[in-house]
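Comments concern the structure below.
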Amino acid sequence: MVSEHSAAQILVASNRGPISYTLRDDGALDARRGGGGLVSGLSAIGSEADALWVCSALGDGDREAVRRGVGESGVLMLDIDADLHADAYNGIANSVLWFIHHMLYQTPLEPVFDDEFRRQWGAYESYNRAFAQALADRAGDGAAVLVQDYHLALVPGMLRALRPDLKIGHFSHTPWAPVDYFRLLPDDIASQLLRGLLGADRTCFLTRRWADAFADCCTELLGPESLKGTRIGVHGLGADADFLRERAHRSDVDERMVTLRGEIGPADPAGAARRTIVRVDRTELSKNIVRGLLAYRQLLRSRPEWRERVVHVAFAYPSRQDLAVYREYTAEVQRVADEINEEYGTAGWTPVVLHVKDDFARSLAAYRLADVALVNPIRDGMNLVAKEIPVVSEQGCALVLSREAGAYEELGEDAITVNPYDVVGTADALHEALTMPAAERSRRTERLAAAATALPPQRWFLDQLEALREER
Ligand code: G6P
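Quick note: the sequence shown uses UniProt numbering, first residue 1, plus one each step.
Below, the structure written as C-alpha cells:
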C-alpha cells in the first residue's frame, strides 16, 4: 500500500471507509475494521499494490485519529467539516438520493425541494469536490480510480475535469430509479447527477435492471448522445463463501448458537426444535421489516397450527439514527414485534425473538440455524443476506425473496418470490417455505449457494479493475 503522500495506481473512494475509530474515556483510540464486499474485494490486489482508499472521517473518533495523525497505510481519511458532511450525507445522500433510488417517498407530502434543499445541495457539491481534489492530488499518471455509490455521484465528472489522464469508474451499490421517479428531482439537479456519473469511463451497477434504468434516465433527460462516452457495466457482487464458511464455525458463533437455541426453545416436550424464520438487516426503511412482521402475524392468525411451533428470529441493527424517520421506523419495528409477542406468546414460547444490537457472530449463528430466510425489501441494490444464508445454512434453508431485490435476478428461480407489499402473499410464502419437503429444500439450497457465490468479492473487484484498465 502507498503512503498517503506518494502517487497511487489504484484508488478507491467511498464515504464509509474500511476502518473506523472510537475515542475511549481514557483518551485512547480503538480501531475497528469493517466488513462488506468492498473490503474483501480490495484484498484481492494484495497489500503490496500501490493502492489508496480515500474515505470520510465519520464521527469524533475518526476526526481525532486524523488530527493525531493515526491511521493505516493505504487509507486516507478526509476530515471534512462536520456540518458540511452532515448536510451532504444526512441531508442529500440519505434523505434524497437514497429515497429516490429506493422509491421511499410518500409523494402526497414529500419530497419538497425548497431553499433548504438547495443549501444542502451546495454542501453535497463541496463534499464531492473535496473527494475529487484529494483523488486528483494522490493519483499517479493514468491511475485507475473506483468511486463508490450515491454519496459521490458528482466525483467522476469533477475528477475528469481535474485529471483527464485517469481511468475513472463509478459503482452504484443501490438500485437506480425508473425515469418517471427520478424526475421527481428538479431538472437541473437530475441532469447534474447524470452528468456526474457520465464523467466516468465506466459506470457500473449490480444488475441489468438498474443499469437499464440509468440508461433510460440519460436518454430521456440528456438525449441518447449523452451515453456515447461512458460504458455501462453490470457486476453482480456475490457472497464470499470461503470467508463465511470459516468464520461461521469459530467458537464465538458456536456459543451464540447455544444461546439462540435457548431463546427459540423446543417445539414439544420431546425436545424437537422449533422451526425458525430468520431475517438479518440494518433497520433500514427499504428492508421492509415491519411488513415482514405483519406477514408473520398473518401466518399465526390464519394458520394456527404454526403457533408454538415456529419462531421469527429478527435481527434489526441500528442504522442512520441521526435521521428522525429512521428512529421512528426502529421504534415501529419494536412496537409490532412486542404486539405479536403479547397477542400470541405463551409461557414457553416467544413468537418473535428480536435483537437490535449489532453482533456479526450472532447473525452467523442465525444463518446456520435458519429453516426459512425472509428477505423482503421494498427495493434493494442486491441484498447479500439472501446470498449468505444459503451458503452457511446447516440443514438447508428455504428462501422467501422479494422480486424487488437485485439478488432476485440470480436467485429467483430457486427462491419463493414475493411482492414485498403483499402481506397475505408473504404469509402464504412463509407457509410454503416452512412446509417444503426436506429433499427439495436441500436441492434448492445447493443451487442457491452456487448462484450466490458465482462472483466472489475478489473476482467482482478485479473484473471491474480489468475492464476499466482496458477502456480507451
Ligand atoms: C448501503 C450503501 C453503502 C452504505 C451502507 C451502510 O449498502 O450502498 O454505501 O455504506 O448502506 O449505510 P451507512 O449510511 O451506514 O454507510
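The beta-carbon is built from N, C-alpha and C at its ideal position, and this holds for glycine as well.
Bridge-paired residues (DSSP) for residue i
i: residue 539; result: This structure cannot speak to residue 539, because the chain is shown only from 1 to 472.
i: ALA31; result: TYR21
i: CYS204; result: PHE171 and GLY233
i: ILE416; result: VAL400
i: TRP349; result: THR346
i: ASP380; result: ALA405
i: ALA373; result: VAL278 and LEU399
i: MET103; result: DSSP lists no partner for MET103.
i: LEU76; result: VAL54
C-beta atoms of residue i and residue j nearer than 7 Å
i: PRO156; j: HIS173; result: no
i: residue 512; j: LEU166; result: For the chain, the structure presents residues 1 to 472; residue 512 sits outside this window and is missing.
i: VAL179; j: ALA211; result: no
i: ASP380; j: ALA405; result: yes
i: LEU152; j: PHE131; result: yes
i: ASP62; j: GLN9; result: no
i: LEU430; j: LEU299; result: yes
i: LEU185; j: TYR150; result: no
i: THR283; j: THR330; result: yes
i: PRO420; j: SER402; result: yes
i: ARG202; j: ALA267; result: no
i: VAL353; j: GLU246; result: no
i: ASP364; j: VAL280; result: According to the sequence shown, residue 364 is Leu rather than Asp. No.
i: SER286; j: HIS101; result: no
i: PRO164; j: ASN288; result: no
i: TYR21; j: ALA65; result: yes
i: THR230; j: LEU198; result: yes
i: PHE182; j: CYS218; result: no
i: ILE239; j: LYS387; result: First, the amino acid is wrong: residue 239 is Ala here, not Ile. Result yes, Cβ atoms of ALA239 and LYS387 sit closer than 7 Å.
i: LEU23; j: ASP60; result: yes
i: TYR124; j: ALA86; result: no
i: ALA7; j: GLY140; result: yes
i: ASP422; j: ASN90; result: no
i: SER56; j: LEU38; result: no
i: VAL311; j: ARG274; result: yes
i: ALA347; j: VAL278; result: no
Residue i (DSSP reduced to helix, strand or coil)
i: SER14; result: coil
i: TRP53; result: strand
i: ARG275; result: strand
i: ASP240; result: coil
i: VAL145; result: strand
i: LEU109; result: coil
i: MET257; result: helix
i: GLN9; result: strand
i: MET158; result: helix
i: VAL310; result: strand
i: GLY140; result: strand
i: PRO304; result: helix
i: PRO269; result: coil
i: PRO457; result: helix
i: ARG297; result: helix
i: ILE45; result: coil
i: ASP322; result: coil
i: GLU246; result: helix
i: ALA82; result: helix
i: LEU285; result: helix
i: GLU470; result: helix
i: ARG118; result: helix
i: LEU394; result: Leu is not the amino acid found at residue 394; the sequence shown has Glu there. Correct three-state label for GLU394: coil.
Residue i at chain D interface by Cβ criterion, 7 Å
i: THR350; result: Reference to chain D is not applicable here, since this structure consists of a single protein chain.
Exercise for review: Determine, using beta-carbon pairs with one atom in the region 389 to 403 and one in the region 361 to 375, whether at least three such pairs fall under 8 Å.
Suggested key: By the Cβ test, the region 389 to 403 is in contact with the region 361 to 375, since at least three Cβ pairs between them sit closer than 8 Å.
Check your understanding: Taking contact to mean at least 3 C-beta pairs separated by less than 8 Å, is the region 452 to 461 in contact with the region 425 to 442?
Key -> Touching, no, given that fewer than three Cβ pairs across the two stretches are closer than 8 Å.
Point to revise | Inter-stretch contact at 8 Å, needing at least 3 Cβ pairs: the region 331 to 350 / the region 274 to 294 | key: The answer is yes - the region 274 to 294 touches the region 331 to 350, with three or more Cβ pairs under 8 Å.
Point to revise | the region 43 to 55 contacting the region 82 to 89, beta-carbon criterion three pairs below 8 Å | key: Under the 8 Å Cβ criterion, the region 43 to 55 does not count as touching the region 82 to 89, having fewer than three qualifying pairs.
Exercise for review: Please list the segments of the beta strand (DSSP E) lying wholly inside the region 175 to 228, counting only runs of 3 or more residues, in order along the chain.
Suggested key: For the region 175 to 228, whole beta strand (DSSP E) runs of length 3 or above, ordered along the chain, are 202 to 205.
Check your understanding: Taking one C-beta from the region 256 to 273 and one from the region 65 to 75 each time, how about it: are there three or more such pairs within less than 8 Å?
Key -> Counting Cβ pairs under 8 Å, fewer than three are found: no touch.
Check your understanding: Within the chosen definition, does the region 309 to 328 reach the region 354 to 366 through at least 3 CB pairs nearer than 8 Å?
Key -> The region 309 to 328, when compared against the region 354 to 366, does touch it at the 8 Å Cβ threshold.
**Study point:** Below 7 Å from a heavy atom of the ligand NAP - residues by beta-carbon
**Key:** This structure does not include the ligand NAP; its bound ligands are the ligand G6P.
**Study point:** the region 212 to 229 in contact with the region 187 to 197 per 3-pair CB rule at 8 Å
**Key:** Because the criterion of three Cβ pairs below 8 Å is met, the region 212 to 229 and the region 187 to 197 touch.
Practice item. Run through the region 415 to 454 for me and flag every whole alpha helix (DSSP H) of 4 or more residues, listed as ranges in chain order. Key: Complete alpha helix (DSSP H) runs here, min 4: 423 to 434 and 438 to 452.
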